[in-house]
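*Asks:* Below is one structure. I have some questions about it.
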């Protein structure tokens, strides 16, 4: 493996090459703990290295890089909300996969979840379920009857809901046992124990399919060009137009003002939107995961559509940040807009090959 130079356009804004090479060396030799690895990788990414550069120089695969970078960010946020020293020490040496699953929670929720996960010694898969339970529980303006705000009760409430929706006695019993395991208050335990004698089931409404689209054809990837103006124009007018830089994979364009644009095809759903705006995100940002591959997506929100619809996802505020959520019943919190399209980037097998038309013709 060799140390690769960063793909930076402005080296003056990057850290010195000596610092970058030292970080690469420490990563290659696995010096420090995983939290330090995540911090080092994040620094390299900021200086212009891409994940493939780092992989070739250190052996850290891109998916592992993402896990330790995000996990280290979660770890650093735990200290701000007073997790126990025992919990902090535990995660300093292991658990990047577990903390990665807490990335969608607020910093306060992360600390509570980390403590709960440490106490119950759960793996990454169960940590993902706990994070989902805490996220959904946070949307209740009024706490559900019998359950407190403790994260254990939040998990117990989620399990209680699932058990009531399950007619299979074996699965129901497993869920009841799990609920009793996490329930923190006597009232929550009582709610779970009632399911031992109450076999009534509450039908579950299936979550809607996320509206994923993928750009498939070249004509769906228009170029955005700066407009000089309307004739007559002078040479100075032409020279005054700033150099346009496209940011992949969606060819996002910024200019000298406080605004940016992004190109999208004229799909009918976009043409019919009243007030569409774009949010850039990762596909794993959504509560329901049906896609195996995680990557960047463009999320189009119609801010005019704020009326609840059980067949749609919405953007809401959670802990001072924007979040995407589906609600089985009408929520008590304000809806800020409806998710109308989620766009994945076009798959290009060999981008260099597509630039040479004579190779394609042959």
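Residue numbers (the UniProt record's numbering): 1 to 362.
Built from N, CA and C at the ideal position, the CB exists for glycine as well.
Within 10 angstroms of its Cβ, does residue 52 collect 16 or more other Cβ (buried), or is it exposed?
*Replies:* On the chain shown, residue 52 is found 52 positions in, with the first residue counted as 1. Exposed: under 16 other Cβ atoms inside 10 Å.
*Asks:* Between residue 202 and residue 166, what straight-line distance do the alpha-carbon atoms span, to the nearest angstrom?
*Replies:* Position 202 of the chain shown, counted from the first residue, corresponds to residue 202. Position 166 of the chain shown, counted from the first residue, corresponds to residue 166. Answer to the nearest angstrom: the Cα atoms are 8 Å apart.
*Asks:* With DSSP collapsed to three states, give me the class of residue 328.
*Replies:* For the purposes of this step, residue 328 is identified with residue 328 of the chain shown, where counting begins at 1. It is coil, neither helix nor strand.
*Asks:* Report, in whole angstroms, the separation of the C-beta atoms of residue 70 and residue 115, which I expect to be a contact under 8 Å.
*Replies:* If you number the chain shown from 1, residue 70 lands on position 70. If you number the chain shown from 1, residue 115 lands on position 115. Not a contact, Cβ separation roughly 19 Å.
*Asks:* Which ranges does the beta strand (DSSP E) cover as unbroken runs of at least 3 residues, wholly within the stretch 149-214, from first to last along the chain?
*Replies:* Taking only runs of at least 3 residues, the beta strand (DSSP E) segments lying wholly in the stretch 149-214 are 212-214.
*Asks:* According to DSSP, is residue 302 part of a helix, a strand, or is it coil?
*Replies:* Mapped onto the chain shown, residue 302 falls at position 302. Three-state DSSP puts residue 302 in a strand.
*Asks:* Skipping 5 residues on each side, what residues in its chain have a beta carbon closer than 8 Å to that of residue 181?
*Replies:* Reading the chain shown from its first residue, position 181 is the one you call residue 181. Here the set comprises 120.
*Asks:* Whole angstroms is fine: what's the gap from residue 34's alpha carbon to residue 324's?
*Replies:* The residue you call residue 34 lines up with position 34 of the chain shown. The residue you call residue 324 lines up with position 324 of the chain shown. Taking the straight line from one Cα to the other gives about 30 Å.
*Asks:* How big is the Cα-Cα spacing for residue 13 and residue 144?
*Replies:* Translated into the one-based positions of the chain shown, residue 13 becomes position 13. Translated into the one-based positions of the chain shown, residue 144 becomes position 144. Summary for residue 13: the model assigns pLDDT 46, below 50, so the residue's position carries little reliability; its value from the coordinates is reported in the next sentence. Straight-line Cα distance between these residues: approximately 51 Å.
*Asks:* I'd like the span of the alpha helix (DSSP H) that includes residue 147, first residue to last.
*Replies:* Numbered from its first residue, the chain shown carries residue 147 at position 147. No alpha helix (DSSP H) contains residue 147, which DSSP labels as neither H nor E.
*Asks:* Relative to the C-alpha of residue 189, which candidate in 313, 261, 147 and 345 has its C-alpha closest?
*Replies:* In the chain shown, the residue the question calls residue 189 occupies position 189. Taking only the C-alpha atoms, the option nearest residue 189 is 147.
*Asks:* Please give the ranges of any alpha helix (DSSP H) in the stretch 8-62, keeping only runs that are unbroken, at least 4 residues long and fully inside the region.
*Replies:* As far as the stretch 8-62 is concerned, its whole alpha helix (DSSP H) runs of at least 4 residues are 17-28, 34-46 and 51-58.
*Asks:* Can you name, in chain order, every residue of its own chain whose Cβ lies under 7 Å from the Cβ of residue 149, other than the five neighbours on each side?
*Replies:* The sequence position of residue 149 within the chain shown is 149, counting from 1. 143, listed in sequence order.
*Asks:* Can you tell me which of the three DSSP states residue 314 falls into?
*Replies:* Counted from its first residue, the chain shown places residue 314 at position 314. Strand.
*Asks:* Which residues share a DSSP beta bridge with residue 261?
*Replies:* Walking along the chain shown from the start, residue 261 turns up at place 261. BP columns for residue 261 point to 253.
*Asks:* What is the DSSP secondary structure of residue 282, counted as helix, strand or coil?
*Replies:* Residue 282 sits at position 282 when you count from the first residue of the chain shown. If DSSP states are grouped into helix, strand and coil, residue 282 belongs with the strands.
*Asks:* At the level of alpha carbons, what is the spacing between residue 105 and residue 125?
*Replies:* As a working mapping, residue 105 is identified with position 105 in the chain shown. As a working mapping, residue 125 is identified with position 125 in the chain shown. Answer to the nearest angstrom: the Cα atoms are 16 Å apart.
*Asks:* Run through DSSP, which three-state label would residue 338 get?
*Replies:* Your numbering for residue 338 matches position 338 in the chain shown. The answer is strand: DSSP assigns residue 338 an E or B state.
*Asks:* Taking contact to mean at least 3 C-beta pairs separated by less than 8 Å, is the stretch 292-303 in contact with the stretch 337-345?
*Replies:* Touching, yes.
*Asks:* What would DSSP say about residue 344, mapped onto helix, strand or coil?
*Replies:* What you label residue 344 is simply residue 344 of the chain shown in a count that begins at 1. Residue state, collapsed to three classes: strand.
*Asks:* Using C-beta distances below 7 Å, list every residue in its chain close to residue 275, excluding the 5 sequence neighbours before and after it, in chain order.
*Replies:* Translated into positions along the chain shown, residue 275 becomes position 275. Same-chain partners within the cutoff: 302, 303 and 304.
*Asks:* Looking only at its chain, what residues have a beta carbon closer than 7 Å to the beta carbon of residue 185, apart from the 5 residues adjacent to it on each side?
*Replies:* Looking up residue 185 in the chain shown gives position 185. If we look at residue 185 and ignore the five residues flanking it on each side, its Cβ neighbours are 148, 150 and 153.
*Asks:* Out of 268, 54 and 172, state which residue places its alpha-carbon closest to the alpha-carbon of residue 21.
*Replies:* The residue labelled residue 21 in the question sits at position 21 within the chain shown. Ranking the options by Cα distance to residue 21, first place goes to 54.
*Asks:* To which residues of the same chain is residue 132 closer than 7 Å at the C-beta, ignoring the five residues directly before and after it?
*Replies:* Position 132 of the chain shown, counting from 1, holds the residue named residue 132. So the list reads 287, once near-sequence residues are dropped.
*Asks:* Assuming residue 45 contacts residue 23 (C-beta within less than 8 Å), just tell me the rounded distance between them.
*Replies:* The sequence position of residue 45 within the chain shown is 45, counting from 1. The sequence position of residue 23 within the chain shown is 23, counting from 1. Contact doesn't hold; Cβ gap of about 11 Å is too wide.
*Asks:* Using a 10 Å radius around the Cβ and a threshold of 16 neighbouring Cβ atoms, would you call residue 63 buried or exposed?
*Replies:* The residue given as residue 63 occupies position 63 in the chain shown. Per the 10 Å Cβ criterion, exposed.
*Asks:* Alpha helix (DSSP H) containing residue 96: first to last residue?
*Replies:* Here the question's residue 96 lines up with position 96 in the chain shown. Counting along the chain, the alpha helix (DSSP H) containing residue 96 begins and ends at 96-100.
*Asks:* Among 245, 328, 318 and 344, which has the Cα closest to the Cα of residue 311?
*Replies:* Reading the chain shown from its first residue, position 311 is the one you call residue 311. Here the closest residue by C-alpha is 328.
*Asks:* For residue 72, which residues from the same chain have a beta carbon less than 6 Å from its beta carbon, with the 5 sequence-adjacent residues on both sides left out?
*Replies:* Taking the chain shown and counting its residues from 1, one reaches residue 72 at position 72. Answer for residue 72: 35, 38 and 39, listed in chain order.
*Asks:* Determine whether the Cβ of residue 333 lies closer than 8 Å to any Cβ atom of chain C.
*Replies:* Of the chains in the structure shown, none is chain C; there is only one protein chain.
*Asks:* Between the Cα of residue 318 and those of 117, 138, 28 and 76, spot the shortest distance and give me the residue it belongs to.
*Replies:* Position 318 of the chain shown, counted from the start, is the residue given in the question as residue 318. Here the closest residue by C-alpha is 138.
*Asks:* Have a look at residue 86 and residue 113 and give me their C-alpha separation to the nearest angstrom.
*Replies:* Within the chain shown, numbered from 1, the residue matching residue 86 stands at position 86. Within the chain shown, numbered from 1, the residue matching residue 113 stands at position 113. Residue 86 and residue 113: Cα-Cα distance of roughly 14 Å.
*Asks:* In the DSSP assignment, find the alpha helix (DSSP H) that holds residue 91 and state where it starts and stops.
*Replies:* Sequence index remark: in the chain shown, residue 91 carries index 91 (1-based). Start and end: 85-93.
*Asks:* Considering only the alpha carbon of each residue, which of 268, 215 and 76 lies closest to residue 346?
*Replies:* In the chain shown, the residue the question calls residue 346 occupies position 346. Of 268, 215 and 76, the residue nearest in Cα terms is 215.
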